[in-house]
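As structure tokens, the structure follows; a few thoughts come after it.
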Amino acid sequence: MKLNRRRFLKYAAASSAVATAGALFPGVSFGNWQNLTNNSGIISWQKAPCRFCGTGCGVLVGVSDGRAVAVKGDPNCSVNKGLCCMKGYHSVQMLYGKDRITTAKVRKNGEMVEVPIKEALDLIAEKLQETKDKHGKDSVAIYGSGQWTIPDGYVASKLFKGCLGTNNVEANARLCMASAVTGFMTSFGIDEPMGCYEDMDHANVFITWGNNMAEMHPVLFSRMLANRKRRTNVTVIDFATRSTRTSQAADKSILFKPQTDLAVANAICYEIIKNDWVNWNFVNEHVSFHKGKTNIGYGTEDHFAFKDKAESINFEEYKLFLEDYTPEKVEKISGVSARDIKYMAALYGDPSLKVTSFWCMGMNQHTRGTWINNLVYNIHLLVGKISTPGNSPFSLTGQPSACGTVREVGTLTHKLPHGVVMKEPHREMAAEIWDVPVSNIDPKPTYHTVEMFRALDRGDIKFIWIQVTNPMVTMPNLRRYRDGALKDDRFVVVSDVYPTPTTDVADVILPAALWVEQEGMFGNSERRTQHFAEIVKPPGEAMSDTWQIIEVAKRLGFEKQFPWTQDDYIGKIWEEYRKFHAGPKHEMASYEVLKKRSGVQWPFVDGKETRWRFNAKHDPACTNGKDFDFYGKKDHKAWIWARPYEPAAESPDSEYNFWLNTGRVIEHWHTGSMTRRIPVLHNAVPSSYVELNPEDAAELGIVNGEMVKIISRRGEITIPAQIKGRGVPPRGMVFVPFFDESYLVNEVTLDAFCPISKQPDYKKCAVRLEKA
Amino acid sequence: MPIFSYLAMPKSGAKEALCADLAALSHCEVIPSDNQEIVVLVTDTPDETTEDKLQKSLNNLQSLQSLSLAFGYDDQEKQGR
Ligand code: SF4
Numbered sequence: 002m003k004l005n006r007r008r009f010l011k012y013a014a015a016s017s018a019v020a021t022a023g024a025l026f027p028g029v030s031f032g033n034w035q036n037l038t039n040n041s042g043i044i045s046w047q048k049a050p051c052r053f054c055g056t057g058c059g060v061l062v063g064v065s066d067g068r069a070v071a072v073k074g075d076p077n078c079s080v081n082k083g084l085c086c087m088k089g090y091h092s093v094q095m096l097y098g099k100d101r102i103t104t105a106k107v108r109k110n111g112e113m114v115e116v117p118i119k120e121a122l123d124l125i126a127e128k129l130q131e132t133k134d135k136h137g138k139d140s141v142a143i144y145g146s147g148q149w150t151i152p153d154g155y156v157a158s159k160l161f162k163g164c165l166g167t168n169n170v171e172a173n174a175r176l177c178m179a180s181a182v183t184g185f186m187t188s189f190g191i192d193e194p195m196g197c198y199e200d201m202d203h204a205n206v207f208i209t210w211g212n213n214m215a216e217m218h219p220v221l222f223s224r225m226l227a228n229r230k231r232r233t234n235v236t237v238i239d240f241a242t243r244s245t246r247t248s249q250a251a252d253k254s255i256l257f258k259p260q261t262d263l264a265v266a267n268a269i270c271y272e273i274i275k276n277d278w279v280n281w282n283f284v285n286e287h288v289s290f291h292k293g294k295t296n297i298g299y300g301t302e303d304h305f306a307f308k309d310k311a312e313s314i315n316f317e318e319y320k321l322f323l324e325d326y327t328p329e330k331v332e333k334i335s336g337v338s339a340r341d342i343k344y345m346a347a348l349y350g351d352p353s354l355k356v357t358s359f360w361c362m363g364m365n366q367h368t369r370g371t372w373i374n375n376l377v378y379n380i381h382l383l384v385g386k387i388s389t390p391g392n393s394p395f396s397l398t399g400q401p402s403a404c405g406t407v408r409e410v411g412t413l414t415h416k417l418p419h420g421v422v423m424k425e426p427h428r429e430m431a432a433e434i435w436d437v438p439v440s441n442i443d444p445k446p447t448y449h450t451v452e453m454f455r456a457l458d459r460g461d462i463k464f465i466w467i468q469v470t471n472p473m474v475t476m477p478n479l480r481r482y483r484d485g486a487l488k489d490d491r492f493v494v495v496s497d498v499y500p501t502p503t504t505d506v507a508d509v510i511l512p513a514a515l516w517v518e519q520e521g522m523f524g525n526s527e528r529r530t531q532h533f534a535e536i537v538k539p540p541g542e543a544m545s546d547t548w549q550i551i552e553v554a555k556r557l558g559f560e561k562q563f564p565w566t567q568d569d570y571i572g573k574i575w576e577e578y579r580k581f582h583a584g585p586k587h588e589m590a591s592y593e594v595l596k597k598r599s600g601v602q603w604p605f606v607d608g609k610e611t612r613w614r615f616n617a618k619h620d621p622a623c624t625n626g627k628d629f630d631f632y633g634k635k636d637h638k639a640w641i642w643a644r645p646y647e648p649a650a651e652s653p654d655s656e657y658n659f660w661l662n663t664g665r666v667i668e669h670w671h672t673g674s675m676t677r678r679i680p681v682l683h684n685a686v687p688s689s690y691v692e693l694n695p696e697d698a699a700e701l702g703i704v705n706g707e708m709v710k711i712i713s714r715r716g717e718i719t720i721p722a723q724i725k726g727r728g729v730p731p732r733g734m735v736f737v738p739f740f741d742e743s744y745l746v747n748e749v750t751l752d753a754f755c756p757i758s759k760q761p762d763y764k765k766c767a768v769r770l771e772k773a
Numbered sequence: 005m006p007i008f009s010y011l012a013m014p015k016s017g018a019k020e021a022l023c024a025d026l027a028a029l030s031h032c033e034v035i036p037s038d039n040q041e042i043v044v045l046v047t048d049t050p051d052e053t054t055e056d057k058l059q060k061s062l063n064n065l066q067s068l069q070s071l072s073l074a075f076g077y078d079d080q081e082k083q084g085r
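Here is the structure:
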């Protein structure tokens, strides 16, 4: 039996690779390879989206004896066509770590004690009600995740916004995608990319803006490189603040000083106009020009408030604004040579080239994140390279359902599944679908994520339920928020799968089902909704986060709004939720369709997915009779914004003389709570480190592996040095991956954020170094 | 223990050399394409130490341009249940 099974697995491995090759290299043949038919049936395979990033690769999970044992890429999924990265292939092992949380725990006399899950759920409902009665509805909060399934986020929003009447609903996607959202909303009036991954098969030029795709979106990066190999006229430019694996693979690597991408983007626009590379037909028909407020602050103080105000300007005023951004002037600010700026402008400006720009955290985790998103759209709009195959400004997502759950369901303080709490028709729609009085839904947003944890520290929030995320590792300026969570009269509930620094501060821990231990849906970066079934049983008393919320809602007396049973709740929730998106701009596929396919892109209208939005040839929501219709804005135009360069919240000075940049590595997912329990991934990068420039290291007398103290105005960590590793920062910058809870780099980072998106900047603060 | 499959891309013109190099390594099976410069590699190692050694050998192959994983399987015993 063992031998048969092994032989079968090798067959499966080979057939998977052959299928992948077939998808990537049309016409490829493996003459010696016999097709596998009548396999032994020892393993059954079921589809799911990968759990580990926003790319949304389709995988097939192999199950044997009730246990998930293997993963292969799903050749039917157009995202990855059978390929996966190392995280994806090893992902099933995350289910089986030794210290998996399988029972509920409650803090009694300072100790965490195991209790039946029913008792823990009773206590949560009781505490929630008691806190609300005593301190008001806005003293209770839920903090979720871009790794929440769509049903998780939907029931959280329905319970807190619809039933309890508080807008204290936030998710960690505020820390990763909020600037992308406000970028879309301000430029197009509607969220999420106009293009899709298929753009990669058409583009001639790829420019990665502060985006180490080789490690963060490896399957997409492979697809980009496969295109370069297959077609003769493909160029990849890496535009970044440090050298990475992406820079090594690119045809050209251009480094800029932190924050100065704002100036460079404006300089590219300056050059496009100066050389008359503007696509006037497009601009005259489809673009309007605007400016907003300037000197907008950084949000480092409690209760910081900001509201932008758009003013129309004309093209001449915009052109005048760009006079400050000649390539020569910008060279001095950015460190990018005028020649390189002109080179990039020429690529965007050449009408014979199709250009795709990719970005992710580099542009979003930025105190001017909304602005830099606007500025890259400006470039594409000036030359009309948008919404057509290969011409794509493309904001990638980090988490598997940052789009699906946070942006589409609207699990942010100001959002509803359709629209925003501030607008009456949107509240009315939600109240009707949720079957609650419209007066329940508060028209005022409360706290965005940083302010929510500040409110917890101040005591304005006293009860918080945290699901599927680990804020006690990821919050910037972490010490304040950890101390806040530990204060005496705070009640913290954490639903998770493994012990983390966040479960350490909990009063109740709920054991959660993980990934394919529950049914659910994710939504990836390219508007693709991906359904997965419960493929294996959750361990012990673990239950889905959705069902945990439903159990508490029922205990609070909301049976009418949460009438479902455990047998059918996901399908019923989906069909209720999709009512919010009815219509050609956002129509979602039915539950039955989602179950059958390896992901479906919305708008899904008359059985057809929409690949390129705003393009009348592809998008059924276009109604203006022209070739493009930017229908998100009332003027049916895309907006070009005059947004200036403004410096970072904190820059190196004589006392704190280095930039600190933080991020991820390919092997680990976020805070490592899952990937560090996967032996192959853990062994590949067992602990975090600080990347130093070799010359800085030599000056400080630090060699590889020696301990370095990183000190900021907020805290310090001591961490081993890595010199000439996979990434090399320029002089005056260090980089620390945040996956390792033994080195809490966020005790050092700054909680400054973009005043429009409220997304913190994890890429820039000032530190000094000491040899430890 | 671990079974993996990969798409292996040879350096330009080095497909024959890559097939020979891979076939010479223990725990490797090679399926070359007959019409394109691609090779499918299936590895089956008995334990983690052997897997680590094999990974190092693969990284050192002069004829190899890149390896992309296509399938991964790891036995449950060592995953901690
Ligand atoms: S690229 Fe992302 S979605 Fe694809 S396999 Fe890797 S981690 Fe999973």
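Residue numbers (our numbering), protein chains in the order written: chain A, 2 to 773; chain B, 5 to 85.
No residue lacks a Cβ here, since even glycine has one placed at the ideal position from N, Cα and C.
Is it buried or exposed for Q249 of chain A, if we count other Cβ within 10 angstroms and need 16 for buried? Burial call: exposed.
So, at 7 Å on beta carbons, what are the nonlocal neighbours of C23 of chain B in its own chain, with the 5 sequence-adjacent residues on each side left out? Here C23 of chain B has V34, P36, V43 as same chain residues with Cβ atoms under 7 Å from its own Cβ, once five neighbours each way along the sequence are excluded.
Chain A residues whose Cβ lies nearer than 8 Å to that of N39 of chain B: Under the 8 Å cutoff, chain A gives G28, V29, S30.
At a cut-off of 7 Å, is F740 of chain A close to ligand 1 when judged by its beta-carbon and the heavy atoms of the ligand? Outside the cutoff, so no.
In whole angstroms, what is the alpha-carbon distance linking S92 of chain A and L73 of chain B? Rounded to the nearest angstrom, the two C-alpha atoms are 13 Å apart.
Determine contact between the region 404-418 of chain A and the region 643-658 of chain A, defined as no fewer than three beta-carbon pairs at a distance below 8 Å. Touching, no, given that fewer than three Cβ pairs across the two stretches are closer than 8 Å.
With distances taken between CB atoms, is the gap from D314 of chain A to K292 of chain A smaller than 8 Å? Residue identity check: residue 314 of chain A is Ile in the sequence provided, not Asp. Going by C-beta atoms, I314 of chain A is nearer than 8 Å to K292 of chain A.
Using C-beta distances below 6 Å, list every residue in its chain close to D48 of chain B, excluding the 5 sequence neighbours before and after it, in chain order. Counting only residues of its own chain and dropping the five nearest sequence neighbours on each side, D48 of chain B has a CB closer than 6 Å to the CB of I7, H31.
So that I know if they touch, is there some Cβ in chain A lying closer than 8 Å to that of G76 of chain B? So, interface residue.
Beta-carbon neighbours of M217 of chain A, restricted to chain B and to distances below 7 Å: The contacting residues do not exist; M217 of chain A stays about 16 Å from chain B at best.
Are the C-beta of S72 of chain B and some C-beta of chain A separated by less than 8 Å? It does: the Cβ of S72 of chain B has a partner Cβ on chain A nearer than 8 Å.
Closer than 8 Å, CB to CB, is D48 of chain B near chain A or not? Yes, its Cβ sits closer than 8 Å to a Cβ of chain A.
Kindly indicate the opening and closing residues of the beta strand (DSSP E) around A49 of chain A. Counting along the chain, the beta strand (DSSP E) containing A49 of chain A begins and ends at 45-50.
Does any residue of chain A have a CB that is nearer than 8 Å to the CB of L65 of chain B? Answer no: the Cβ-Cβ gap between L65 of chain B and chain A never drops below 8 Å.
Using C-beta distances below 7 Å, list every residue in its chain close to M186 of chain A, excluding the 5 sequence neighbours before and after it, in chain order. If the five residues before and after M186 of chain A are omitted, its C-beta is found closer than 7 Å to the C-beta atoms of D192, all from its own chain and listed in chain order.
Would you say Y90 of chain A lies against chain B (beta-carbon separation less than 8 Å)? Yes - at least one Cβ of chain B is within 8 Å of the one on Y90 of chain A.
Along the beta strand (DSSP E) that carries N662 of chain A, what are the first and last residues, could you check? Residues 659-664.
Within chain A, the residues that S9 of chain B reaches when beta carbons sit closer than 9 Å: Within chain A, the residues placing a beta-carbon under 9 Å from that of S9 of chain B are K11, A13, A14, A15, S16, S17, A18, V19, T21, K73, ordered along the chain.
Beta-carbon within less than 7 Å of T368 of chain A's beta-carbon, same chain only, minus the 5 sequence neighbours each way: which residues are those? Correct list, in chain order: Y299, A649, A650, A753, F754, C755, D762.
In the DSSP assignment, find the alpha helix (DSSP H) that holds P695 of chain A and state where it starts and stops. P695 of chain A: member of the alpha helix (DSSP H) spanning 695-701, first to last residue.
Can you pull the chain B residues whose beta carbon is under 7 Å from the beta carbon of S223 of chain A, in chain order? Here the neighbours are S72.
I need the DSSP call for A312 of chain A, collapsed to helix, strand or coil. In the sequence as displayed, the identity of residue 312 of chain A is Glu instead of Ala. In this structure, E312 of chain A counts as strand in the three-state DSSP scheme.
beta-carbon V220 of chain A near ligand 1 non-hydrogen atom, thresh 7 Å: Correct: V220 of chain A has its Cβ closer than 7 Å to ligand 1.
By the DSSP assignment, the alpha helix (DSSP H) with L382 of chain A in it spans what residues? Following the DSSP letters along the chain, one finds L382 of chain A inside the alpha helix (DSSP H) bounded by residues 370-383.
Is G57 of chain A near ligand 1, going by C-beta to nearest heavy atom under 7 Å? Set against 7 Å, the gap from the CB of G57 of chain A to the closest heavy atom of ligand 1 is smaller.
For G83 of chain A, which residues in chain B fall below 8 Å Cβ to Cβ? Within chain B, the residues whose beta carbon sits less than 8 Å from that of G83 of chain A are A74, listed in sequence order.
Measure the alpha-carbon distance for A306 of chain A versus N213 of chain A and round it to whole angstroms. Going by C-alpha positions, A306 of chain A is about 33 Å away from N213 of chain A.
Best match in A:I641, A:L770, A:N705, A:V686 for proximity to V279 of chain A [C-alpha to C-alpha]: Of the candidates A:I641, A:L770, A:N705, A:V686, the one whose C-alpha sits nearest the C-alpha of V279 of chain A is A:I641.
Please state if the CB of A432 of chain A and the CB of P438 of chain A are separated by a distance shorter than 8 Å. Against a cut-off of 8 Å, the Cβ pair of A432 of chain A and P438 of chain A comes out as a contact.
Tell me Y10 of chain B's beta-bridge partners as DSSP assigns them. For Y10 of chain B, the beta-bridge partners assigned by DSSP are B:L45, B:L73.
Do N662 of chain A and L479 of chain A have their CB atoms nearer than 8 Å? Between N662 of chain A and L479 of chain A, the C-beta spacing is not below 8 Å.
CB C404 of chain A to CB S526 of chain A, shorter than 8 Å? Yes, they are a contact pair.
Supposed close pair N169 of chain A, Y448 of chain A - CB separation, criterion 8 Å: With 8 Å as the limit, N169 of chain A and Y448 of chain A qualify as a contact, their Cβ atoms being about 6 Å apart.
Under 9 Å from the C-beta of M87 of chain A: neighbouring residues of chain B: Those within 9 Å of M87 of chain A in chain B are L73, G76.
Would you please verify whether the beta carbon of V70 of chain A is less than 8 Å from any beta carbon of chain E? The structure shown has no chain E; the protein chains it does contain are A and B.
For a test of the three-state rule: what should DSSP assign to V517 of chain A, helix, strand or coil? Reduced to three states, the DSSP call for V517 of chain A is helix.
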